[in-house]
Amino acid sequence: MSTIPAPLTDSRIMLRRNLKHILRNPVTIFNAALMPVVLMLLLVYVFGNAFNVGEHYVEYATPGLILLAISYGLSATAVSVSSDMAKGIINRFKVMNVSRGAVLTGHVMATVLGSSVTVAVIIGMAFALGFRSSATLLDWLGAIGVIAAAAFAAAWLTVALGMAAKTPESAGLTVVPLILLPFVSSAIVPAAKMGQGVRQFAEYQPFTPIIESLRGLLAGTPSGGYAAAALAWCAGIALVGYLWALATFRRRA
Amino acid sequence: MTRQLPARDERQPGGASRSGAGRVGRPVCEGPGELSGPAGRTEPWRTAERADGETPGDDQAAAAARVQGWPDAGGTWFLETRWGGRSGGRRYLAQRPDLAQRGRTRCQWSCQGRDRGGADSDRMRSSAIAVSGLRKAYGDKIVLDGIDLDVPASTVFSLLGPNGAGKTTTVNVLTTLIKADSGTVRVAGHDIATETKAVRAVIGVTGQFAAVDELLTGEENLQLMADLHHLRAGEGKRVVTSLLERFDLVEPAQKMAATYSGGMRRKLDLAMTLVTRPQIIFLDEPTAGLDPRSRRTMWNIVRELVADGVTVFLTTQYLEEADQLADRIAVLDQGHLVAQGTPDALKRQVPGSHVPLRFTDVRELDAAARVLTGSTVDDAALTLRVPSDGRAKSLRALLDRLDEHSIDVEEFSVHTPDLDDVFLALTGHASTAENTQ
Chain Z
1 MSTIPAPLTD SRIMLRRNLK HILRNPVTIF NAALMPVVLM LLLVYVFGNA FNVGEHYVEY
61 ATPGLILLAI SYGLSATAVS VSSDMAKGII NRFKVMNVSR GAVLTGHVMA TVLGSSVTVA
121 VIIGMAFALG FRSSATLLDW LGAIGVIAAA AFAAAWLTVA LGMAAKTPES AGLTVVPLIL
181 LPFVSSAIVP AAKMGQGVRQ FAEYQPFTPI IESLRGLLAG TPSGGYAAAA LAWCAGIALV
241 GYLWALATFR RRA
Chain W
1 MTRQLPARDE RQPGGASRSG AGRVGRPVCE GPGELSGPAG RTEPWRTAER ADGETPGDDQ
61 AAAAARVQGW PDAGGTWFLE TRWGGRSGGR RYLAQRPDLA QRGRTRCQWS CQGRDRGGAD
121 SDRMRSSAIA VSGLRKAYGD KIVLDGIDLD VPASTVFSLL GPNGAGKTTT VNVLTTLIKA
181 DSGTVRVAGH DIATETKAVR AVIGVTGQFA AVDELLTGEE NLQLMADLHH LRAGEGKRVV
241 TSLLERFDLV EPAQKMAATY SGGMRRKLDL AMTLVTRPQI IFLDEPTAGL DPRSRRTMWN
301 IVRELVADGV TVFLTTQYLE EADQLADRIA VLDQGHLVAQ GTPDALKRQV PGSHVPLRFT
361 DVRELDAAAR VLTGSTVDDA ALTLRVPSDG RAKSLRALLD RLDEHSIDVE EFSVHTPDLD
421 DVFLALTGHA STAENTQ
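Line by line, the protein sequences are chains Z and W. Oh and the first sequence: position 168 is 168 in my numbering, straight run, nothing missing. Oh and the second sequence: position 112 is 112 in my numbering, straight run, nothing missing.
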């Protein structure tokens, strides 16, 4: 017997299961990376010059595209969680003294790892398209921290959404708002350039502080205010997702 | 169904206690004895051979033992003794070709060693599953309305009922998946409400829908179970390999479960349940949707489990399945248990066997009805139901009598009462399983 507590061991076993699922079906990762990559090419080469953002457009758009890369990976998680719930396998786990949250944390960790692959692709693309950063090593670490926090929060919320969805087919749609939200944030154009109403929405929705803090870190000009707001949003979303997912898990036999 | 089932109950619990009870160190039933035979008679029994030379120790001798036997085609009977509800793993062979062709293929008799009131005899008497006053409703819909059950250890208990009777709900409550509204349930002596963890540690469940991970291979599915049970790496590997062999899944072990046929999935599902060697296994409609061959395979697996001392709680809507496998059957209809007992006891509740005679026209039918008094006429089907014990002699007499009166019979068969008849007799409506079978 190992000395590692059972919940950790169980979560690790579940993570391995979910990673195997991703490896068996790598097209989900490909799909998640495809849209942000296409968008990046479109924005940088086609639209970018029309937007007056006060800096080199690829540098402006990269933080937003990183968030989009995370968002696009979420529907696969929602579907996967929902299929687990719809099939007998979940009842098997439930009658086995497996730690309650292990199934959920397995999905969350696998989603975060999947996101890291698509985010890496986007960052690689950005550099290939002329992205230049004056960030220090510390800034980069901070950026990675913000990305990880955002991915973690989004993953918990997605697991909850997938858990609450009635069928795997509808689960994929529940994350659509998470994919659309970055477009109504400062991801592609600054919020200040938007119309009345939309601008206020963009300024106060969670993606804006996350993207702005990331933008500051990658540009080597970190902003404490945005970072605090970003982390607070991430912590809040993760907590809501966690509690909601766990409650739904307990309720659904 | 080709098997002939005698209407009498040949399994008399405790009805054939051997003489000589009290001999220390040896259970009396292992020596010469009598078998409570298929025809309800006691028959002399002689042990021909023992698979091992050991005599059970004093502790075991003090406990009640249950012996179960079954013959092979040549009339060699294999007997197995169970000590305190556990399989003793000792097999005895006895040559009784004369019993080979008779009736049911399984007999039981019980014998009593010197009972010192020890722990073993307590365990023997204890139930694997004890349910009383179980109720469950979803909103206004009452799914289970006061269920009482008792399943002795190392037996097969079958909950029989049509779709929607509440079988799966019962299994879900008993396996701690859902909470009952009221009533108490003890599984392996543990209360399911307060000792959930202890219950989960001893049970295994194979649900109605194969609970396998389709994106993992057969081997990975089993390994996942071994890991979740925190088996040591070497031990886990060994268990996985042996289960793959036992369930004939070695060849497809490296293929994704999504590519498996229905029968293979069920086997994998059950193999996953067995990774922890559970004492009590719940099988919720284990053969639903399987072809006849896979169903036979599944039945054999269940029989092997019971021979290993496992208690099996089986739900089914196939009446033949309950009859084939179960020691006791409970019939569930719309949340109520309408009957409980041995398959044979249940079959006694319906009219005896009869011979349906079919004729080509009403004239012949009427003529036959006049000759064969006491039979029932079905004009629409041009059929006459003649009560008969189904023996060759009485059939010959029946046909001779029809011959005497020059009555031409189009078709005839022998209908032995089966559980379909029981269901109809008990609930007043037909089992839905008939359509699907």
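Backbone N, C-alpha and C fix where the C-beta goes; we use that ideal spot for every residue, glycine too. Everything numeric in this text was worked out from a predicted model, so none of it was measured.
- Query: Using the C-alpha atoms, what's the distance from R92/Z back to C234/Z?
  - Reply: 32 Å
- Should A392/W be labelled buried (16 or more other beta-carbon atoms within 10 Å of its own) or exposed? exposed
- Can you name, in chain order, every residue of its own chain whose Cβ lies under 8 Å from the Cβ of E219/W, other than the five neighbours on each side? V240, L244, A253 and Q254
- Message: Taking contact to mean 3 or more Cβ pairs, one atom from each stretch, closer than 8 Å, check whether the stretch 148 to 163 of chain Z and the stretch 66 to 79 of chain Z are in contact.
- Response: yes
- Item | Cα-Cα separation between Q334/W and I22/Z, rounded to whole angstroms | 44 Å
- Query: Is the stretch 145 to 156 of chain W close to the stretch 342 to 355 of chain W, with three or more CB pairs under 8 Å?
  - Reply: no
- Report yes or no: is there a C-beta of chain C within less than 8 Å of the C-beta of E220/W? Included in the structure are the protein chains Z and W, with no chain C among them.
- Item | Close-in-space but distant-in-sequence residues of the same chain around F51/Z (CB under 6 Å, 5 per side omitted) | V189
- Message: Suppose you measure from the CA of W77/W to the CA of R303/W; what does that come to, to the nearest Å?
- Response: Annotation note: pLDDT 47 at W77/W (below 50); position unreliable, no value reported.
- Task: Taking the CB atoms as reference points, tell me whether A211/W and G88/Z lie closer together than 8 Å.
- Result: Yes.
- Cβ pair count under 8 Å reaching 3, the stretch 183 to 199 of chain W against the stretch 128 to 139 of chain W: The stretch 183 to 199 of chain W is in contact with the stretch 128 to 139 of chain W.
- Whole-angstrom C-beta distance between R135/W and D145/W, which should lie under 8 Å: 6 Å
- Query: Buried or exposed: which applies to T167/Z, given that a residue is buried once 16 or more other Cβ atoms fall within 10 Å of its Cβ?
  - Reply: exposed
- Item | Coil, strand or helix - L15/Z by DSSP | helix
- C-alpha distance - W244/Z paired with A164/Z, whole-angstrom precision: 9 Å
- Task: For K267/W, count neighbouring C-beta atoms within 10 Å of its own C-beta (all shown protein chains included) and say buried if the count is 16 or more, exposed if not.
- Result: buried
- Mind checking if T315/W is an interface residue toward chain Z, Cβ cutoff 8 Å exclusive? no
- Task: Would you identify the three-state DSSP class for S283/W, choosing helix, strand or coil?
- Result: The displayed chain sequence assigns Leu, not Ser, to residue 283/W. The answer is strand: DSSP assigns L283/W an E or B state.
- Check the C-beta distance from S185/Z over to A202/Z and give it rounded, since I have them as a contact under 8 Å. 5 Å
- Closer than 7 Å by beta-carbon distance: list the chain Z residues that pair up with M264/W, in chain order. Simply none; closest approach about 15 Å.
- Proximity of V175/Z and S75/Z at Cβ, strictly below 8 Å: yes
- Message: Starting from H255/Z, trace the alpha helix (DSSP H) in both directions and tell me its first and last residue.
- Response: As displayed, chain Z neither begins before 1 nor continues past 253, which places residue 255/Z out of reach and without an answer.
- Quick one: Cα of A425/W to Cα of Q324/W, how far? 20 Å
- Query: Hey, is H190/W's beta-carbon within less than 8 Å of any beta-carbon in chain Z?
  - Reply: no
- Task: Give the secondary structure of P417/W by DSSP, where H, G and I count as helix, E and B as strand, and everything else as coil.
- Result: coil
- To the nearest angstrom, report how far apart D284/W and F207/Z are at their CA atoms. 48 Å
- With a Cβ-Cβ cutoff of 8 Å, do L160/W and A330/W count as a contact? yes
- Message: Please report the straight-line C-alpha distance between A262/Z and V37/Z, rounded to a whole angstrom.
- Response: It is not possible to answer for residue 262/Z, since the shown part of chain Z is limited to 1 through 253.
- Query: Can you name the start and end residues of the alpha helix (DSSP H) that I210/Z belongs to?
  - Reply: F207 to A219
- Consider the Cβ of D227/W: report whether some Cβ of chain Z lies at a distance smaller than 8 Å. yes
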